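Step one of this worksheet: look at the structure below.
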Amino acid sequence: MGSLLSYSGLSTKIRAMQSKLMSEKQYQEIAQMDSVPQIVAYLKKQPGFSDLWADLDENSLHRGDIEKLLTHTIHQNFAKLYRFANPEQRTFMALYFKRYEISVMKDCLRNVFDKGRAELDLSLFQSFFDRHSKLDIEKLTNSSTIEEFINNLQGSEYYGPLSKLGRDYKPTLFDYGMALDQYYFANIWSVKEKLFKKRDLEEITTAYGNKFDMLNLQWIYRSKKYYHMSSTDIYALLIPVHYRLSKNDITALVEASDLEEFRKALDATYYKKRFPELAPEKLEEYYNLNLKTVIEKEARNYPHSVIVIYSYLYHKEHEVDRLTTAIECVRYGLSPAETLDYIHKT
């Protein structure tokens, strides 16, 4: 009864917000449009955007502005839920929020590595991060060197993982991004049993366990196919979590001598049994399908648990990804059929 009472108000709020997510019919309508300003004008009239975008002038917005505005709708919806959540629910949201911090840090890192890029402007996100984060976004945005960027992280949990890089070699942008991702994923797995109990712990374990396994499968495959990395280097990339993939599974996949042997190792895993059509070249597709299936099933079965928060945020972020894809397709003049196909693959 306690879980029912603690989640009933938030579940009602989430259902109302879910009803404002874009429908298949709306994506079909967007795919028929001729210009990006037309899409923005359309979104301004939709329930999920009308309050947030009412004062925007669609004709004066650049591509980068629109992408930031779309991302910011995720922040704004997160903030709505956070205000409505109780302390227990905010524990999960604070853990989930780190993905937004890492996204911003990756933007700043790309800016440092690519000296020719235009000046990075994240001011739109400033007030949101001031309320929810201890990071100084302005300082990170203005960092001109890696050393300065890392120094500006002092006092945060991210300083340690990044400051360790560069002692024995010169890290790339990819190295810094992977270090942040690995820290975030390992941190979630290590603290979940301290922060959550009973049903919430089960839902966190199921959702993130599936996610981490499928990410590891993708990284092993891509490392072998595109980068021809050594086994030692591949092991260093992996999230140190074993959910449905045993240590023996991981070893067989990483140590596979070629892609055919990798395929055979993949065929012996739980995920091949779950998805009989799974193949190495379909790992990204099935990563999205598996995560979506798990989240939606758990949210239906346990509507008064932490998974309802995860489910809504997942679908909101997916909506932004699809809209970003749609805008790019229209911008490059793809046909409606091609645009809709790319939307469905996102």
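In terms of numbering that gives the first Met the number 0, the sequence shown is residues 0 to 345. Every residue gets a Cβ at the ideal spot worked out from N, C-alpha and C, and that includes glycine. Since the structure is predicted, the reported quantities are computational estimates derived from the model, not experimental observations.
query, result
"Length-filtered (3 minimum) beta strand (DSSP E) runs lying within the region 217-248", "none"
"Alpha-carbon to alpha-carbon, leucine 134 and serine 51", "Sequence inspection shows leucine at residue 51; the serine mentioned does not correspond to that position. Rounded to whole angstroms, leucine 51 to leucine 134 spans 25 Å at the Cα level."
"Rounded straight-line distance, which links the Cα of isoleucine 306 to that of isoleucine 203", "7 Å"
"Arginine 14 versus serine 229: straight-line alpha-carbon distance, rounded", "47 Å"
"Buried versus exposed call for glycine 1 [16 or more other C-beta atoms within 10 Å across all chains shown]", "Unreliable positioning characterises glycine 1 in this predicted model, as indicated by a pLDDT of 44, which lies under 50. A coordinate reading is not provided."
"Runs of beta strand (DSSP E) wholly within the region 163-224 (minimum 3 residues, chain order)", "none"
"Between the CA atoms of methionine 92 and tyrosine 81 - distance to the nearest angstrom", "7 Å"
"Burial state of tyrosine 168, where buried means 16 or more other Cβ atoms lie within 10 Å", "exposed"
"For isoleucine 326, three-class secondary structure by DSSP", "helix"
"Asparagine 150 - DSSP class collapsed to helix/strand/coil", "helix"
"Aspartate 120, buried or exposed, once every other Cβ within 10 Å from all chains shown has been counted against 16", "exposed"
"Contact under 8 Å by Cβ, valine 329 with leucine 69", "no"
"Alpha-carbon to alpha-carbon, isoleucine 326 and tyrosine 26", "11 Å"
"Cβ shell of tyrosine 182 (< 6 Å), same chain only, five flanking positions each side left out", "Pro160"
"Closest by C-alpha distance to glutamate 156, when choosing among Ser310, Tyr313, Gly176, Asn186", "Asn186"
"Residue range of the alpha helix (DSSP H) that includes methionine 21", "Per DSSP, methionine 21 belongs to no alpha helix (DSSP H) and is neither H nor E."
"Buried versus exposed, by CB contacts within 10 Å (16 or more), tyrosine 225", "exposed"
"Status (buried if at least 16 other CB within 10 Å, exposed otherwise) for serine 7", "exposed"
"Same chain, Cβ closer than 6 Å to asparagine 361, five either side skipped, listed in chain order", "Nothing about residue 361 can be reported from this structure: the residues present for the chain run from 0 to 345 only."
"Where asparagine 150 falls, given that 16 or more other Cβ within 10 Å makes a residue buried", "exposed"
"Of the listed residues Ile219, Thr268, Glu284, nearest to aspartate 257 (C-alpha basis)", "Ile219"
"Touch test, the region 268-280 against the region 56-67, Cβ-Cβ under 8 Å, three pairs minimum", "no"
"Boundaries of the alpha helix (DSSP H) in which lysine 347 is found, first to last residue", "No statement about residue 347 is possible, as the shown extent of the chain runs from 0 to 345 and does not include it."
"Cβ distance (whole Å) where leucine 216 is taken to contact tyrosine 269 below 8 Å", "Leucine 216 to tyrosine 269, Cβ: 11 Å. No contact."
"Residue nearest to valine 39 in terms of C-alpha spacing, selected from Ala53, Glu57, Glu28", "Glu57"
"Phenylalanine 128 versus alanine 255: straight-line alpha-carbon distance, rounded", "44 Å"
"Assigned secondary structure, asparagine 85 (DSSP; H/G/I helix, E/B strand, else coil)", "coil"
"Integer-rounded CB distance, given that serine 126 should sit under 8 Å from glutamate 100", "Not really, about 15 Å apart at Cβ, beyond 8 Å."
"Where threonine 231 falls, given that 16 or more other Cβ within 10 Å makes a residue buried", "exposed"
"Proximal residues to methionine 32 (C-beta, below 8 Å), its chain only, five neighbours per side dropped", "Ile38, Tyr41, Val329"
"CB of tyrosine 242 within 8 Å of CB of asparagine 209, strictly", "yes"
"Same chain only: Cβ atoms within 6 Å of aspartate 212, ignoring 5 sequence neighbours per side", "Tyr242, Arg243, Leu244"
"Rounded separation between lysine 12 and asparagine 300 - CA only", "18 Å"
"Straight-line gap, cysteine 107 to glycine 165 (C-alpha atoms, nearest Å)", "18 Å"
"Euclidean distance between Cα positions of lysine 191 and alanine 178", "20 Å"
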